[in-house]
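Chains as they are written, first to last, in our numbering: chain B, 624 to 913; chain G, 4 to 189. Just so you know, even glycine gets a beta-carbon here, dropped at the ideal spot from N, CA and C. See structure below.
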Amino acid sequence: MEDFQTYIESGRLTQYALGELDPAGQAEVEAWARRSPEVRQELDELLAGAGVYAEVHAITPPAGLRERVLGRVLAEIGRPVDAAENLVAEATTMRVSASNAYPPQPAAAAEPAPRRNELAIAASVALLLSLLANALFYTRWQQANTALVAAQNSQARFAQTSQVMERRLTSTQEQLHVLRSPNEFKMVALAGTPAHPQAHARVLFNKASHRVYVDVQQLPALPAGKQYQLWALDNGKPVDAGVLAINTATGDSLQLMKDIASAQAFAMTVEPTGGSAGPTLTTMTVIGNI
Amino acid sequence: MSDLPLISTPTAAEAALVQRLRARDQSAMTEFYDRYSAALYGVIHRIVKADDEAEDVLQEALVKIWHAMESYDTTKGRLFTWVVNISRNLAIDKIRSRQHRVGSKTQGLDDSLAAQRQAAPETFRPEHVGLQEITKQLVPEQRQVIDLLYFGGFTQSEAAEELNLPLGTVKTRARTALKILAKLIR
């Protein structure tokens with residue numbers, strides 16, 4: 624008895640009545656109420672007091688609120704059930720309520736629910752269509768993407784090719800200019816030495832500008848690690864005029880060599896790749912005097 | 004509304020309504036609305052103090068009550084107590100999230116207290132027969148405590164701090180006030 628009285632006066636029951644306790648606290652109070660009629664009675668009294676206090680503040684909601692709130696609530700609570708079942712259930716309850724004594728309610732209550740269902744069906748259809756459209760657009764997008772990548776690749780290839788062509792065209796024009804200027808450039812024929820009688824090349828030499836071009840007709844193939852090197856012979860002294868690029872040596876194009884101030888003859892030898900400081904005379908392939 | 008207070012609704016009538024709500028009878032929801040909405044709306048409005056928010060919370064509360072009906076235990080208390088608590092908690096959540104949004108919680112509590120101090124007697128609407136009589140039964144100190152606890156979402160300790168009173172005094176006032184109110188319907 625003593626315990627119950629202490630518990631009653633502890634304030635826990637008031638907290639319960641005023642909704643202050645968490646579920647554990649509520650369970651504790653309910654357990655006490657089950658064990659003790661005194662606690663039960665006090666609790667009922669406090670709950671009744673709280674209820675009175677709540678009801679004292681009752682306000683009739685503003686006009687129109689009943690229709691709005693009740694309509695939305697009925698629409699909401701009709702939702703989670705399976706769609707077909709839902710329609711049937713709603714139709715039934717509406718009919719029941721219509722025959723019941725709630726004059727203003729059927730119109731207010733029944734109206735929003737079917738509209739909700741129509742909306743739901745419309746929304747589902749719209750969603751389905753949207754999904755299909757999405758799938759279609761996705762596929763098309765993928766295809767377009769693939770096509771775009773391919774187009775970009777070939778565009779890059781064309782750009783590269785055209786750059787190469789541009790460079791070739793420029794050098795060809797240069798060479799053409801050289802060949803068309805017999806007054807500026809002196810053509811020096813280089814004949815094969817006895818060891819290489821078929822070898823044949825020529826040098827285009829401009830005494831004024833000191834520019835030297837090499838034009839190969841035919842030269843023996845080179846062993847690996849070797850390169851042809853051009854020498855200018857000035858008063859019998861060999862001067863390095865540069866090494867021949869591979870496509871020059873095969874006769875594909877003219878090549879601009881190092882500037883030479885003065886020369887009476889030109890010769891070519893075979894040297895290690897990169898050239899040598901002085902000619903290896905035993906490998907001389909062609910030679911010619913100006 | 005001038006007839007039997009909701010808290011004293013005959014248990015048989017209450018049980019029948021609960022039964023129908025549990026059976027997912029939507030017309031029972033309409034009946035429930037017509038019986039309880041004024042009381043629930045009053046409590047909610049007193050807490051959130053704004054028409055549109057009160058409407059939102061009432062709707063939320065009704066939906067929650069419908070879905071939670073399975074878990075309502077008739078042996079634990081009256082239907083009215085249970086549904087008022089659901090509504091109260093939703094309304095208090097609403098003002099707390101609002102205060103949280105505004106920033107300072109203390110500021111929010113001060114505001115709500117000031118509003119309540121100011122508004123306490125005037126906002127009682129004389130729609131309910133005997134309302135004036137009922138509220139006259141409480142001395143202002145008791146009503147202040149109950150207001151804080153019931154409509155302000157304060158705990159007893161928070162109310163003691165807020166009112167600068169010993170916790171024991173708050174407890175006594177709350178309990179006495181509730182008992183006085185309970186006697187009015189006996």
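Run the CB neighbour count on B/Pro846, radius 10 Å, all protein chains shown included, and call it buried at 16 or more, exposed below. exposed
Throw me the rounded Cβ distance for the B/Phe808 and B/Ala855 pair, which I believe falls under 8 angstroms. Between B/Ala855 and B/Phe808 the Cβ distance is about 15 angstroms, and since that is not below 8 angstroms, they are no contact.
Taking a Cβ distance cut-off of 8 angstroms, strictly less, list which residues of the stretch 75-105 of chain G are near chain B, in chain order. Lys79, Gly80, Arg81, Phe83, Thr84, Val87, Asn88, Arg91, Asn92
Within a Cβ cutoff of 8 angstroms, which residues of the same chain sit near G/Lys67, ignoring the five residues on either side of it in sequence? Ile89, Leu93
Any beta-carbon of chain B closer than 8 angstroms to the one on G/Leu9? yes
Within 8 angstroms of any Cβ in chain B, is that where the Cβ of G/Asp55 sits? Taking 8 angstroms as the threshold, the shortest C-beta distance from G/Asp55 to chain B does not fall below it.
Can you pull the DSSP bridge partners for B/Lys849? B/Pro895
If you draw a straight line from the C-alpha of B/Thr629 to the C-alpha of G/Thr175, how long is it? Going by the C-alpha atoms only, they are around 13 angstroms apart.
Considering only heavy atoms of the ligand ATP, does any lie closer than 7 angstroms to the CB of G/Val60? The ligand ATP is not among the ligands present in this structure, which contains no ligands whatsoever.
Would DSSP call B/Met810 helix, strand or coil? Strand, per DSSP.
If the criterion is Cβ atoms closer than 8 angstroms, does the pair G/Leu9 and B/Gly674 meet it? yes
How is B/Leu827 classed by DSSP in three states: helix, strand or coil? strand
At a CB-CB cut-off below 7 angstroms, which residues of chain B make contact with G/Gly45? His680, Ala681, Ile682
If you compare alpha carbons, which of G/Ile47, G/Asp59, G/Val142 is closest to B/Ile682? Minimum Cα distance to B/Ile682 is reached at G/Ile47.
Assigned exposure category for B/Gln779 - 16 Cβ within 10 Å defines buried: The sequence given here places Ala at residue 779 of chain B; Gln does not occur at that position. Looking at its Cβ environment, which holds fewer than 16 other Cβ atoms inside 10 Å, B/Ala779 is exposed.
So G/Leu20 and G/Tyr44 are in contact, right, with Cβ under 8 angstroms, and what is the actual spacing, rounded? Wrong, their Cβ atoms sit about 18 angstroms apart, outside the cutoff.
Taking Cβ to Cβ, would you say G/Gln145 is nearer than 8 angstroms to G/Leu166? no
Name the residue from G/Gln29, G/Leu187, G/Ala180, G/Ala163 whose alpha carbon lies nearest to the alpha carbon of B/Thr637. G/Ala180
Given B/Val704, which residues of its chain have a CB within under 6 angstroms of its CB, disregarding the five upstream and five downstream residues? At B/Val704 the pLDDT is 48, less than 50, meaning the model places this residue with poor confidence and gives no usable figure here.
Would you say the stretch 838-845 of chain B touches the stretch 819-826 of chain B, given that touching needs at least three Cβ pairs under 8 angstroms? A contact exists between the stretch 838-845 of chain B and the stretch 819-826 of chain B.
Step through the CB atoms of chain B and report whether any lies within less than 8 angstroms of the CB of G/Val21. no
Should the stretch 659-669 of chain B be called in touch with the stretch 684-695 of chain B, which here means at least 3 C-beta pairs below 8 angstroms? The stretch 659-669 of chain B makes no contact with the stretch 684-695 of chain B: fewer than 3 CB pairs, one atom from each, lie closer than 8 angstroms.
B/Ala656: first and last residue of the uninterrupted alpha helix (DSSP H) it sits in: 646-658
Are G/Ala177 and G/Leu170 closer than 8 angstroms when you measure CB to CB? no
Would you report the Cα separation of G/Ile183 and B/Glu665, rounded to the nearest angstrom? Near 12 angstroms, if we compare the C-alpha coordinates of B/Glu665 and G/Ile183.
What did DSSP end up calling B/Ala721 once you bin it into helix, strand or coil? Caution is warranted here: a pLDDT of 35 is assigned to B/Ala721, below 50, making its placement in the model unreliable, and the coordinate value is therefore given only provisionally. The answer is helix: DSSP assigns B/Ala721 an H, G or I state.
Candidates G/Glu56, G/Pro13, G/Val87: which alpha carbon is nearest B/His680's? G/Val87
Against B/Val692, what residues of chain G qualify as contacts under a CB-to-CB distance less than 8 angstroms, listed in chain order? Near B/Val692 (Cβ distances below 8 angstroms), the residues of chain G are Tyr36, Ser40, Glu58, Leu61, Gln62, Leu65.
Do you know how far the Cα of B/Leu792 is from the Cα of B/Gly865? Inter-residue distance for B/Gly865 and B/Leu792 is about 24 angstroms (C-alpha atoms, whole angstroms).
Ordered along the chain, which non-local residues of its own chain (more than five positions away) have a Cβ less than 6 angstroms from that of B/Ala706? Any reading at B/Ala706 must be qualified, since the residue scores a pLDDT of 43, below 50, and its modelled position is unreliable; the value itself is stated next. Excluding residues within five positions, none has a Cβ falling inside 6 angstroms.
In DSSP terms, what B/Tyr836 is bridged to: B/Leu827, B/Leu879
Counting only the same chain and skipping the five closest in sequence on each side, list residues whose C-beta sits under 6 angstroms from that of G/Phe83. Hits under 6 angstroms: Leu9, Ile10.
If you measure beta-carbon to beta-carbon, which residues of the stretch 664-678 of chain B are closer than 9 angstroms to chain G? Glu665, Leu666, Asp667, Glu668, Leu669, Leu670, Ala671, Gly672, Ala673, Gly674, Val675, Tyr676, Ala677, Glu678
Taking only the alpha-carbon atoms, compute the straight-line gap between B/Glu668 and G/Ala185 and give it to the nearest angstrom. 6 angstroms
Which two residues bound the contiguous beta strand (DSSP E) that contains B/Gly865? Residues 860-866.
Examine chain G for any beta-carbon lying closer than 8 angstroms to the beta-carbon of B/Thr637, and answer yes or no. yes
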